[in-house]
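Asker: Residue numbering for the sequence shown follows the numbering used here, starting at -1 and increasing by one per position.
Just so you know, even glycine gets a beta-carbon here, dropped at the ideal spot from N, CA and C.
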Amino acid sequence: MNTADFIYQGTKKSIEKASFTCQTPSNIALVKYWGKSDPQIPKNASISFTLNHCHTKTTIAFTKVDKSTTITFDLYFEGKKKEDFKPKISKFFERIASYCPYLYEYEMVIHSENSFPHSSGIASSASGMSAIAMCIMNLEKELTPDAEIDYIHKKASFLARLGSGSASRSIEGPLVVWGKHPNIPESSDLYGVKFPFKTHPIFNEYQDTVLLVDKGEKQVSSTVGHNLMHDHPFATQRFKQANENLEKLSTILQNGNIKDFIQLVESEALTLHAMMLTSNPYFILMKPNTLEIINAIWKYREETDSNVCFTLDAGANVHVLYPKEEKQKVEKFLKEKMLKYCQKNHYICDNAGFGAQTF
Ligand code: PMV
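(1) Ignoring anything shorter than 4 residues, give me the alpha helix (DSSP H) runs that lie fully in the region 122 to 181, in order along the chain.
(2) Rank Thr142, Ala121 and Arg93 by C-alpha distance to the C-alpha of Ser12 and give the top, closest one.
(3) Throw me the rounded Cβ distance for the His380 and Thr56 pair, which I believe falls under 8 Å.
(4) Judging by CA-CA distance, which residue of Ser88, Val222 and Ile250 is the nearest neighbour of Tyr280?
(5) Check this for me: beta carbons of Pro40 and Trp176, under 8 Å apart or not?
(6) Rounded to whole angstroms, what's the CA-CA distance from Cys98 to Leu160? Just pull it up for me.
(7) Runs of 4 residues minimum, wholly inside the region 202 to 283: which ones carry the alpha helix (DSSP H) assignment?
(8) Using a Cβ-Cβ cut-off of 8 Å (strictly less than) and excluding sequence neighbours within five positions of Lys397, which residues of its own chain qualify?
(9) Pull up the CB-CB distance for Phe4 and Phe156, whole angstroms please, since I reckon it's below 8 Å.
(10) Is Trp296 near the ligand PMV, in the sense that its beta carbon is under 7 Å from a heavy atom of that ligand?
(11) Count the CB pairs spanning the region 307 to 327 and the region 182 to 189 that are closer than 8 Å, and state whether there are at least three.
(12) Closest to Glu242 by C-alpha separation, out of Ser44, Tyr104, Pro23 and Thr302, would be which residue?
(13) Using only CA atoms, which one of Lys178, Gly254 and Ile130 lies nearest to Tyr320?
(14) Which whole-angstrom value describes the C-beta separation of Ser164 and Asn25, a residue pair presumed to lie in contact below a C-beta threshold of 8 Å?
(15) Collect the residues with a C-beta less than 5 Å away from any heavy atom of the ligand PMV and give them in sequence order along the chain.
(16) In whole angstroms, give me the CA-to-CA distance for Leu210 and Thr249.
(17) What do you reckon, are the CB atoms on Ile256 and Ile292 nearer than 8 Å?
(18) Just tell me which of Asn42, Val63 and Gln21 has its CA closest to the CA of Glu14.
(19) Can you look up Gln326 in the DSSP assignment and give me helix, strand or coil?
(20) Could you tell me which residues DSSP pairs with His109 in its beta bridges?
(21) In this structure, does DSSP put Pro99 in helix, strand or coil?
(22) Measuring alpha carbon to alpha carbon, tell me which of Thr9, Val316, Ser168 and Lys152 ends up nearest Ala124.
(23) Look up Pro194 in the DSSP assignment and say whether it is helix, strand or coil.
(24) Look up Thr48 in the DSSP assignment and say whether it is helix, strand or coil.
(25) Rounded to the nearest angstrom, what separates Lys153 and Gln21 at their Cα positions?
(26) Going straight from the alpha carbon of Leu173 to that of Lys86, what length do you get?
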């Protein structure tokens, strides 16, 4: 499908009032997206586990009004009116307006809440943007009841991508690929697709314990970070490597070679941060405790032959990944040895899940 396929074709149906509540999760990339061109086209393909418990729940109440030249909405976050979040959402609506022109005919009241603390350092843009996109697509589905569910999901991912690239991977689960890749059938730069091959059972309900090392605002936003890849000395090589890693990971996910999984996933995390360390200007998002945790995981793995490993987002928190069958042992290790590295001993237990839900 291409961009033109997502332009709304109109309907004879008129809806005066409607309200939809959708919940969409965050996701954690295994092969990272870092670098893009306009409009939110990734420089390489990426793949992520969709999470389960870290999610945003959003309700949008639509009321029909006379057609306007702007998209009007009120925004409440966790019950409170949030004027400071509005510019980002306005920009998102402007970007998607040509695909959803019916938005000019509605006034929207948006209520949103996260299952994770707002200042946890967990990126809420993926879950937040995808939840809004899903609510809008629920309205579109009411307007055009013949639209197929596969199209609704694809367009929700397409819209979410225009809000935040990684949000395109939050509509479905448990593994989603975003970015055109020759070895992943149906993959696209425009939206995320479910990993199309049968995965080895070891990856079922894969566990992700997020160790909250630093809950503060990021010093460098991901928008700035992506832009620094434009004339980064290692960019071309990095984009090539990411696509090769996705191909390797595809094989690993099917054959269950967990040792190869660990090596590839950790290398991807460190490479993402290596890009930050070597950009101009350079920056560091890891904190001393990020490194303490990484070293402790390596030590624990050496001593116990566990299959625990780590990955990182664009921040200091550590996502600790492990198979479900190791849950008890790894959680004991994390509780006993890792909490001292977390701000206020805080951590979040999550696992791979299935994406958006509509209530
Ligand atoms: O979706 P953005 O623009 O916030 O970028 C996210 C980039 C990473 O989280 C660092 C990697 C990824 O693929 O999710």
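Answerer: On the basis of the coordinates in this document:
(1) The region 122 to 181 contains, as complete alpha helix (DSSP H) runs of 4+ residues, the segments 123 to 141 and 147 to 161 (chain order).
(2) Taking the sequence shown and counting its residues from 1, the one referred to as residue 12 is at position 14. In this structure, Thr142 is the residue among Thr142, Ala121 and Arg93 with its C-alpha nearest to the C-alpha of Ser12.
(3) Nothing in the structure corresponds to residue 380, since the chain is present only between -1 and 357.
(4) One-based indexing of the sequence shown puts residue 280 at position 282. Each of Ser88, Val222 and Ile250 was checked against the Cα of Tyr280, and the nearest Cα belongs to Val222.
(5) Within the sequence shown, residue 40 is the residue found at index 42, counting from 1. Within the sequence shown, residue 176 is the residue found at index 178, counting from 1. If you check the CB distance, Pro40 and Trp176 come in under 8 Å.
(6) Locating residue 98 in the sequence shown gives position 100, where the first residue counts as 1. Locating residue 160 in the sequence shown gives position 162, where the first residue counts as 1. Near 13 Å, if we compare the C-alpha coordinates of Leu160 and Cys98.
(7) Those alpha helix (DSSP H) runs which fall completely within the region 202 to 283 and span 4+ residues are 220 to 225, 233 to 253 and 256 to 275.
(8) No answer is possible for residue 397: it lies beyond the span of the chain, which begins at -1 and ends at 357.
(9) On the sequence shown, residue 4 is found 6 positions in, with the first residue counted as 1. On the sequence shown, residue 156 is found 158 positions in, with the first residue counted as 1. At roughly 5 Å, the Cβ-Cβ gap stays under 8 Å, so Phe4 and Phe156 are in contact.
(10) Locating residue 296 in the sequence shown gives position 298, counting from the first residue. Trp296: no, Cβ never under 7 Å from the ligand PMV.
(11) Taking 8 Å as the limit for Cβ pairs, the verdict is that the region 182 to 189 does not touch the region 307 to 327.
(12) As a working mapping, residue 242 is identified with position 244 in the sequence shown. Comparing alpha-carbon positions, the option among Ser44, Tyr104, Pro23 and Thr302 lying closest to Glu242 turns out to be Ser44.
(13) Along the sequence shown, read from residue 1 onward, the residue named residue 320 stands at position 322. Ranked by how close their Cα comes to the Cα of Tyr320, the residues Lys178, Gly254 and Ile130 have Gly254 in first place.
(14) Residue numbering aside, residue 164 sits at position 166 when the sequence shown is read from its first letter. Residue numbering aside, residue 25 sits at position 27 when the sequence shown is read from its first letter. The Cβ separation is near 6 Å, so the contact holds.
(15) Those residues, listed in chain order, are Ala27, Lys30, Tyr31, Ser44, Ser162, Gly163, Ser164, Ser220, Asp311 and Ala312.
(16) In the sequence shown, counting from the first residue as 1, residue 210 sits at position 212. In the sequence shown, counting from the first residue as 1, residue 249 sits at position 251. Cα to Cα, Leu210 sits roughly 31 Å from Thr249.
(17) Counted from its first residue, the sequence shown places residue 256 at position 258. Counted from its first residue, the sequence shown places residue 292 at position 294. In this structure, Ile256 keeps its C-beta atom at 8 Å or more from the C-beta atom of Ile292.
(18) To locate residue 14, count along the sequence shown from 1; it is residue 16. Closest option to Glu14, Cα to Cα, is Val63.
(19) The residue given as residue 326 occupies position 328 in the sequence shown. The three-state reading of DSSP puts Gln326 in helix, counting H, G and I together.
(20) As a position in the sequence shown, residue 109 is number 111, starting the count at 1. Answer is Thr57 and Tyr74.
(21) In the sequence shown, counting from the first residue as 1, residue 99 sits at position 101. Three-state result, Pro99: helix.
(22) In the sequence shown, counting from the first residue as 1, residue 124 sits at position 126. Nearest C-alpha to Ala124 among Thr9, Val316, Ser168 and Lys152: Ser168.
(23) Your numbering for residue 194 matches position 196 in the sequence shown. Here Pro194 sits in coil by DSSP.
(24) As a working note, residue 48 is residue 50 in the sequence shown. It is a strand residue.
(25) What you label residue 153 is simply residue 155 of the sequence shown in a count that begins at 1. What you label residue 21 is simply residue 23 of the sequence shown in a count that begins at 1. If I take the Cα positions, the gap works out to 16 Å.
(26) Residue mapping note: residue 173 aligns to position 175 of the sequence shown, counting from 1. Residue mapping note: residue 86 aligns to position 88 of the sequence shown, counting from 1. Approximately 27 Å, taken between the alpha carbons.
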